[in-house]
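Shown next, in structure tokens, is the structure this report addresses.
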Amino acid sequence: MAQDISPLEARGALDAIDRGRRHVIDEIDLPTWYWWGLALGWIGLGVITDLKHPWLTAAATLVFGAVHAAVAPRAASGRHRTQHLSVRAEVAGRRTARFVIGSVAALGLLTVAAALAASADGAGHPVTMASVLVAVIILLGGPRLLAAIRRRAAA
Amino acid sequence: MTEPKFDELIHQSTRLSIMGLLAAADWADFAFLREELGMSDSALSKQLSTLEAAGYVTIDRPVSDHRRRVRASLTQPGMAAFQGHVAALRRIVEGADTRPLLAPQSK
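Here the protein sequences line up with chains Y and D, keeping their order.
With the first letter of the first sequence counted as 1, position 74 gets the number 67 in this note's numbering; the numbers rise by one all the way through.
Add 902 to the 1-based position in the second sequence for this note's numbering, that's all there is to it.
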């Protein structure tokens, strides 16, 4: 039977399989509560940092990191955008986890840079200001960035 | 590396699309498959039954939100057969791609 299949037909079949895979990748997403939790946690951390108690800041950072590490793997698996489908871990997990780790690192650097800029400008609560800015970026940009990555992954 | 193995049962276009969707998912519910494939309930049921009878797909009926859902997922033999079939298709395509390159050498 395989001998009867033309290369053109085989290519068409592979394209159909790829289309199916793309449709499944389209379902990868992070829940809304994850973005809100990350944004509010970020602001909370900024406010605590501005209190200028190094031990409190260190403890809050550890708690934030621990909570994120505990919650993110489940939320960030990106596998349950709808109740209609569970994306296979090999398809969703790796690229979504990479996205989350990369994003948190980039947001951390952005917060430090924005806080330094605000501080140089004489702002009273530079880290809080920077964290609010980053929280807005998380809420507005996070889902869009993930969608862009999803489209690129499917391309 | 997966051994290429052409599978006539999988190659039928609708079943190939079903297997392609399920290969990227742990499970997909009946409504998702029906929507993606643009099929009627009865046509999809028939194809899923064929794949289930071959041992390639399992059908579960969990109750969620007081509603009975129908979920399909690939079995391990189903995944192996699908990967073998994809490898066979790739071999056919690659064979066609390399033939013009090999032709001058065979003269």
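Just so it is clear, CB atoms sit at the ideal spot from N, CA and C, and this is done for glycine as well.
Please read all numbers here as calculations on a predicted model, not as lab measurements.
- Residue 78 (chain Y) sits in a strand when the DSSP states are folded into three classes.
- For residue 934 (chain D), the closest of Y:120, Y:16 and Y:40 by C-alpha to C-alpha distance is Y:16.
- Assigned with DSSP and collapsed to three states, residue 65 (chain Y) falls in helix.
- For residue 923 (chain D), the chain Y residues whose C-beta falls within less than 7 Å of its own C-beta are 13, 16 and 17, listed in chain order.
- Residue environment: residue 96 (chain Y) is assigned as buried (16 or more neighbouring CB atoms within 10 Å of its CB, all protein chains considered).
- Between residue 101 (chain Y) and residue 922 (chain D), the alpha-carbon positions lie close to 39 Å from each other.
- The alpha-carbon of residue 937 (chain D) is positioned some 26 Å away from that of residue 979 (chain D).
- At least one CB atom of chain Y sits nearer than 8 Å to the CB of residue 991 (chain D).
- Contact between residue 915 (chain D) and residue 9 (chain Y) holds: their C-beta atoms lie close to 7 Å from each other, under 8 Å.
- For the C-beta of residue 938 (chain D), the chain Y residues within less than 8 Å are, from N- to C-terminus, 13 and 16.
- Our two residues, residue 19 (chain Y) and residue 972 (chain D), have alpha carbons roughly 21 Å apart in a direct line.
- Looking at D:986, D:927 and D:912, the one whose alpha-carbon comes closest to that of residue 950 (chain D) is D:912.
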